[in-house]
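Participant:
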Amino acid sequence: MGIKGLSQVIADHAPAAIKTIKYEENFGRKVAVDASMCLYQFLIAGRQQDGTQLQSESGDVTSHLMGMFYRTIRMVANGIKPVYVFDGKPPDMKSGELVKRSERRAEAEKALAEAKEKGEVADVDKFERRLVTKEQNEEVKKLLTLMGVPVVEAPCEAEAQCAALVKSGKVYATATEDMDALTFGSSILLRNIVAAESKKLDVKEFNLKRVLEGMKLEMSEFVDFCILLGCDYCSTIRGIGPKKAYELIQQHRSIDAILENIDIKKYPPPEEWPYARARELFQSPEVQPAEDVQLVWKDPDTEGVIAFMCGEKSFNEERIRSSLAKLQKSRQGGTQFRIDSFFAAAKIVKSEPTTAAKKRKLEEEASKKGKGKGADKKRGPPIKKAK
Amino acid sequence: MFEAKLENAALLKKIVESIKDLVTDAPFDCSENAMCLQAMDSSHVALVSLKLEVGLFDTYRCDRTINLGISLKNMSNALKCANNDDGCMIKYEENEGDSITFTFTDTKRDKTQDVTVKMMDIDGEHLGIPDQDYAIVCEMPAAEFQKTCKDLAMFSDSLNITATKSGIVFSGKGDSGGINVTYAPNSNADDEKESVSLEVNEPVNVNFSIKYMNSFTKATTLSSRVRISLSNDVPIVIEYPIEEAGYLRFYLAPKIDDEDNME
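These protein sequences, in sequence, are chains A and B. First residue of the first sequence? That's 1 in full-length UniProt numbering, and the numbers climb one at a time after it. First residue of the second sequence? That's 1 in full-length UniProt numbering, and the numbers climb one at a time after it.
Okay, structure coming up:
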């Protein structure tokens, strides 16, 4: 599920860190894609209307191949160079330290249903998404390799590996829906890159440096703040929501200091709370050093793809061929570079605000004040509704 | 307040028509000395840079540096109402709402038209373009360059430019065939307007997308001459001077064979 409510907190406290950009604007960028999350979307969240999945003639599920194939084509046709990063083994937190799995699964399913209703991509729990089978993972790796797209196997968490690639400058950004890519230290996170074209979603770019500036936090403080909000590795202190967590981190600057200073009776931390281990997982995760990762984009092996997709998995040959032609075409005549890779951004230009913009700003300020008051009044746990 | 008057609307018309397909929204930077514009196309491959110095205007008043955001499509519509030789006044007053007023005056008929265009909010990054010396600077008739780009586009998506002391070659190769257009420098030509001049500091060999070049050459109407500046592996500059008191420049990032990670 990434970090609970983080995107909203960023929108509230560091709006300058989020940029909405058109899909095409990512032209010429190399991005690390969290493959495991994509697969989860295709297989679990992306069922057909009747709840079944796409199948080949022999009854094998093929939604993951279909999803991966077309989304990759879309990226490449738009000049994006993807690198897919797969999850390795789960992080070794002792089972006793993990939150109850069954509880989490129920939660995840609920969240999934909700997100589906809204037509959004669900945030996916790091443990939940390992439900994608090994075979399915292998099939996708085979397909991507045939398509000439680099595949990286992370020793542990894919998000962490993506972040390492971004930090080293090998790629521009991490493309994922999981906000914890920021907690792992990805300087740039792109949302909606792997979305279906038909949804016509704009891409949201989160800039970590601006997040930290806007929230006035150091990176280590930001990690602690994310753990307070709720991450995949441990539970949180009851009664502390995003607003309180922000206040506490501003005041005390670390979870240790917060625990020393808050009223433990009012805000009981979980028993044997492994926040320090979670922090360690975020700050020094197990990754392959970026220097050792070779990223090579090759020509697609058209016949290989056809043999696999059409021969084994009964996809329509004509469609696969015409899509592959797009892939081939985008590779001709060298790589088109971006103008902003030669000229650095010198300043931000803001045009004269129109009255509509002025009004919006006033309203935002007013509603922020209003929100503050409302939250103060509504202290205490929410009242449960009787069935 | 901002108020500037051009002797005729044709200049602004030509500028807007030549960039409106490349850039949709434009933030006009107006200062004491000039009216400028910098904007990238949606895929951030090309950059447009316009400068109109005070000297181009009949009257010019700008009380403070101001940035006016406007949709080029709307601006183009407004300018369509004007005849080429109508006078053109651009006016923005802080207290008079969110629009820019274009006043076109036709002295022959004693007619004036006030057209207002709604402004828009634009947030964007301004790129710093370093002053640099280019390996090659070539000047030629703008119409000649336009024809060459058009001809090449029939054969190829890519334009290759090579230049040495002996001349500059534009070439394109595609599935159907190929074309090479060579200009040997002829600065001694009788007619200065028709001459092709070439300054070579270093030989170059660079590739560009022909689609963008063709889009740039819409500005051919602005100027009889075009100046092309390029070096290996940096953006090319296609400049159309405007009456020695301004320019419209297009920067285009090159296509580079990325051999390290492309096999």
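All residues carry an ideal CB built from backbone N, CA and C; glycine is no exception.
Which of helix, strand or coil does DSSP assign to Cys162 (chain A)?
Facilitator: Note: Cys162 (chain A) maps to helix in three-state DSSP.
Participant: Might you give, ordered along the chain, the residues of its own chain that have their beta carbon closer than 6 Å to the beta carbon of Asn261 (chain A), omitting 5 neighbours on each side?
Facilitator: So the qualifying residues of the chain are His252.
Participant: Determine the contact status of Leu165 (chain A) and Val293 (chain A), defining contact as a CB-CB distance below 8 Å.
Facilitator: Yes, the pair counts as a contact, with Cβ atoms nearer than the cut-off.
Participant: At a Cβ cut of 7 Å, what residues of the stretch 180-200 of chain B count as close to chain A, listed as they run along the chain?
Facilitator: Here the close residues number zero.
Participant: For the alpha helix (DSSP H) containing Lys244 (chain A), list its first residue and its last residue.
Facilitator: Segment 242-252, the alpha helix (DSSP H) holding Lys244 (chain A).
Participant: Helix, strand or coil for Tyr233 (chain A) per DSSP?
Facilitator: Coil, per DSSP.
Participant: Taking the Cβ atom as the reference point for each residue, do Phe216 (chain B) and Ile238 (chain B) lie within a distance shorter than 8 Å?
Facilitator: Result yes, Cβ atoms of Phe216 (chain B) and Ile238 (chain B) sit closer than 8 Å.
Participant: Can you give me the Cβ contacts of Tyr84 (chain A) inside the same chain, cut-off strictly under 6 Å, excluding the 5 residues immediately before and after it?
Facilitator: So the qualifying residues of the chain are Val33, Ala35, Leu144, Val151.
Participant: Please identify, using Cβ separations under 9 Å, the residues of the stretch 60-82 of chain B that lie next to chain A, in order along the chain.
Facilitator: Correct list: Ile66, Asn67, Leu68, Gly69, Ile70.
Participant: Chain B beta carbons: is any one of them nearer than 8 Å to that of Ile348 (chain A)?
Facilitator: Cβ-Cβ to chain B under 8 Å: yes for Ile348 (chain A).
Participant: Please confirm if the stretch 216-232 of chain B is in contact with the stretch 136-154 of chain B, defined as three or more CB-CB distances below 8 Å between the two stretches.
Facilitator: Contact holds: three or more Cβ-Cβ distances are below 8 Å.
Participant: Is it right to say Val203 (chain A) is buried, meaning 16 or more other beta carbons lie within 10 angstroms of its own, or is it exposed?
Facilitator: Under this definition Val203 (chain A) is a buried residue.
Participant: How far does the beta strand (DSSP E) with Lys204 (chain A) in it extend, from its first residue to its last?
Facilitator: Residues 203-207.
Participant: Of all Cβ atoms in chain A, is any one closer than 8 Å to the Cβ of Leu152 (chain B)?
Facilitator: No, Leu152 (chain B) lies away from the interface with chain A (no Cβ there is under 8 Å from its Cβ).
Participant: Who are the neighbours of Gly124 (chain B) on chain A, taking C-beta pairs under 8 Å?
Facilitator: By Cβ distance, chain A contributes Ile348, Val349.
Participant: State yes or no: is the beta carbon of Gln336 (chain A) nearer than 8 Å to at least one beta carbon in chain B?
Facilitator: Closer than 8 Å to some Cβ of chain B, the Cβ of Gln336 (chain A) qualifies, so yes.
Participant: I'd like to know if Ala34 (chain B) contacts chain A, where contact means its C-beta is closer than 8 Å to some C-beta of that chain.
Facilitator: Ala34 (chain B) does not count as touching chain A.
Participant: Are the C-beta atoms of Asn95 (chain B) and some chain A residue less than 8 Å apart?
Facilitator: Output row for Asn95 (chain B): interface = no.
Participant: Are Asp29 (chain B) and Cys36 (chain B) closer than 8 Å when you measure CB to CB?
Facilitator: Against a cut-off of 8 Å, the Cβ pair of Cys36 (chain B) and Asp29 (chain B) comes out as a contact.
Participant: If you measure beta-carbon to beta-carbon, which residues of the stretch 126-150 of chain B are closer than 7 Å to chain A?
Facilitator: For the stretch 126-150 of chain B, which is checked against every Cβ of chain A, the residues closer than 7 Å are His126, Leu127, Gly128, Ile129.
Participant: Can you confirm whether the stretch 266-285 of chain A touches the stretch 231-240 of chain A when touching is taken to mean that 3 or more C-beta pairs between the two stretches lie within less than 8 Å?
Facilitator: Touching, per the Cβ criterion.
Participant: Apart from the five residues just before and just after Thr164 (chain B), which ones in its own chain have a Cβ nearer than 6 Å to its Cβ?
Facilitator: Cβ neighbours of Thr164 (chain B) beyond the five flanking positions: Pro203.
Participant: Quick one, which residues of the stretch 5-37 of chain A are near chain B if we go by CB-CB under 8 Å, in chain order?
Facilitator: The stretch 5-37 of chain A vs chain B, Cβ under 8 Å: Lys22, Glu24, Glu25, Phe27, Gly28.
Participant: Do Phe27 (chain A) and Gly67 (chain A) count as a contact pair if the criterion is CB distance below 8 Å?
Facilitator: Not in contact: Gly67 (chain A) and Phe27 (chain A) (Cβ atoms no closer than 8 Å).
Participant: What does the alpha-carbon distance come out to for the pair Lys358 (chain A) and Gln136 (chain A)?
Facilitator: Their backbone Cα atoms lie some 52 Å apart in a straight line.
Participant: Under 8 Å: do the stretch 275-290 of chain A and the stretch 165-175 of chain A share three or more Cβ pairs, one atom per stretch?
Facilitator: Contact holds: three or more Cβ-Cβ distances are below 8 Å.
Participant: Out of curiosity, what's the CA-to-CA distance linking Glu3 (chain B) and Thr59 (chain B)?
Facilitator: If I take the Cα positions, the gap works out to 8 Å.
Participant: Against chain B, does Asp301 (chain A) count as a neighbour if the rule is that its beta carbon must be under 8 Å from one of theirs?
Facilitator: Not closer than 8 Å to any Cβ of chain B, the Cβ of Asp301 (chain A) fails to qualify, so no.
Participant: I need the boundaries of the alpha helix (DSSP H) containing His126 (chain B), first residue and last residue.
Facilitator: Per DSSP, His126 (chain B) belongs to no alpha helix (DSSP H); it is in the beta strand (DSSP E), 123-127.
Participant: Can you list, in chain order, the residues of the stretch 40-56 of chain B whose Cβ is nearer than 7 Å to any Cβ on chain A?
Facilitator: Residues Met40, Ser42, Ser43, His44, Val45, Ala46, Leu47.
Participant: Is DSSP giving Ala276 (chain A) helix, strand or coil here?
Facilitator: Reduced to three states, the DSSP call for Ala276 (chain A) is helix.
Participant: Tell me whether the beta-carbon of Met119 (chain B) lies closer than 8 Å to the beta-carbon of Thr183 (chain A).
Facilitator: No, these two residues do not count as a Cβ contact at 8 Å.
Participant: Just mark Thr182 (chain B) as buried or exposed, buried being the case when its beta carbon has 16 or more other beta carbons within 10 Å.
Facilitator: Classification for Thr182 (chain B): exposed.
Participant: Taking C-beta pairs closer than 8 Å, name the residues in chain A that Lys255 (chain B) reaches, listed in chain order.
Facilitator: Gly333, Gly334, Thr335, Gln336, Phe337, listed in chain order.
Participant: Using a Cβ cut-off of 8 Å (strictly closer), state whether Thr72 (chain A) contacts chain B.
Facilitator: No, its Cβ sits nowhere closer than 8 Å to a Cβ of chain B.
Participant: For chain A, find out if any of its Cβ atoms is closer than 8 Å to the Cβ of Glu263 (chain B); answer yes or no.
Facilitator: With a pLDDT of only 40 at Glu263 (chain B), under the threshold of 50, the placement of this residue in the model should not be trusted; the figure read from the coordinates follows. Answer yes: the Cβ-Cβ gap between Glu263 (chain B) and chain A drops below 8 Å somewhere.
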